[in-house]
Amino acid sequence: MSPYKLVFGKACHLPVELEHKAYWAIKRLNLDLEAAGEKRLLQLNELDEFRNQSYENAKLYKEKTKQWHNRKIHPRNFEVGKQVLLFNSRLKLFPGKLKSRWSGPFLITQIFPFGTVELEDKSGRKFKVNGQRVKQYWGEFNLFYKILFFLI
Numbered sequence: 086m087s088p089y090k091l092v093f094g095k096a097c098h099l100p101v102e103l104e105h106k107a108y109w110a111i112k113r114l115n116l117d118l119e120a121a122g123e124k125r126l127l128q129l130n131e132l133d134e135f136r137n138q139s140y141e142n143a144k145l146y147k148e149k150t151k152q153w154h155n156r157k158i159h160p161r162n163f164e165v166g167k168q169v170l171l172f173n174s175r176l177k178l179f180p181g182k183l184k185s186r187w188s189g190p191f192l193i194t195q196i197f198p199f200g201t202v203e204l205e206d207k208s209g210r211k212f213k214v215n216g217q218r219v220k221q222y223w224g225e226f227n228l229f230y231k232i233l234f235f236l237i
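Take any residue in the sequence shown, count from 1 to its spot, add 85: that is its number in the numbering used here.
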């Protein structure tokens with residue numbers, strides 16, 4: 086897929102591609118067929134080089150973008166029994182300038198590989214979330230969670 090198609094959503098028709106349709110006209114008018122054929126092959130080779138170069142450029146761009154994105158992700162280390170806040174991304178639908186997008190606190194009950202965390206709310210309901218959606222809660226540790234933590 087060419088960069089042109091990525092940006093504009095349709096194929097790019099270069100003059101080289103349109104000239105191919107007119108190749109029969111050169112043949113019919115008895116022009117220099119040998120020179121026209123060599124020129125056509127040269128243009129096709131240039132087109133292939135251009136496509137390969139655009140493919141390499143797109144590949145390099147994707148690698149740099151991936152590195153930049155991965156640099157922005159910070160590793161988060163959580164422990165079982167700690168309290169965290171959960172980010173609610175659905176509040177963008179109902180904007181409120183002073184409304185916090187963080188809900189909780191929730192108790193971490195289990196940590197899975199690849200960043201998945203199992204949380205428990207005050208009613209005892211357990212659910213799994215992505216570890217990127219939670220952050221450490223630095224507030225007061227409730228008596229309920231203290232008793233629950235020591236029972237575990």
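Think of the CB as a built atom: it goes at the ideal place given N, C-alpha and C, for glycine as much as any other residue.
Distance, Cα to Cα, residue i vs residue j?
| i | j | result |
| --- | --- | --- |
| Ile196 | Lys151 | 26 Å |
| Ser87 | Tyr140 | 7 Å |
| Ala121 | Glu134 | 20 Å |
| Trp187 | Trp223 | 13 Å |
| Glu119 | Gln128 | 14 Å |
| Val214 | Asn155 | 20 Å |
| Gln217 | Leu126 | 53 Å |
| Asp206 | Tyr89 | 50 Å |
| Phe61 | Lys147 | The chain is shown from 86 up to 237; residue 61 falls before or after that span and cannot be answered. |
| Arg210 | Trp153 | 37 Å |
| Ser185 | Ser174 | 11 Å |
| Leu204 | Gln138 | 48 Å |
| Lys149 | Asn130 | 29 Å |
Which residues does DSSP pair with residue i in a beta bridge?
| i | result |
| --- | --- |
| Leu126 | Partner(s): none; Leu126 has no beta bridge. |
| Glu203 | Gln195, Lys213 |
Quick one: does residue i have its CB under 7 Å from some CB of chain D?
| i | result |
| --- | --- |
| Trp187 | In the displayed structure, chain D is absent; only one protein chain is listed. |
Considering just the uninterrupted stretch of the beta strand (DSSP E) at residue i, what are its terminal residues?
| i | result |
| --- | --- |
| Trp43 | Given that the chain is displayed from residue 86 to residue 237, the structure contains no residue 43 and the question cannot be resolved. |
| Lys207 | That residue, Lys207, is in no beta strand (DSSP E); it is neither H nor E in DSSP. |
| Asn173 | Here Asn173 belongs to no beta strand (DSSP E), and DSSP marks it neither H nor E. |
| Val257 | Outside the shown range of the chain (86 to 237) lies residue 257, about which nothing can therefore be said. |
Restricting to Cα atoms, I'd like to know which of the options is closest to residue i.
| i | options | result |
| --- | --- | --- |
| Lys220 | Phe199, Leu132, Leu192 | Leu192 |
| Asn162 | Phe199, Lys211, Cys97 | Phe199 |
| Ala96 | Arg136, Leu204, Leu145 | Arg136 |
| Val92 | Ala143, Ser208, Lys149 | Ala143 |
In chain order, what residues of the same chain have a beta carbon less than 7 Å from the beta carbon of residue i, not counting five sequence neighbours either side?
| i | result |
| --- | --- |
| Val165 | Ile193, Thr194, Gln195, Ile196 |
| Thr201 | Lys213, Asn215, Gly216 |
| Pro190 | Gln168, Val169, Leu170, Tyr222, Gly224 |
| Lys124 | none |
If I measure Cβ to Cβ from residue i and keep anything under 8 Å in the same chain, skipping five residues before and after, which residues do I get?
| i | result |
| --- | --- |
| Ile158 | Gln217 |
| Pro160 | none |
| Ser208 | none |
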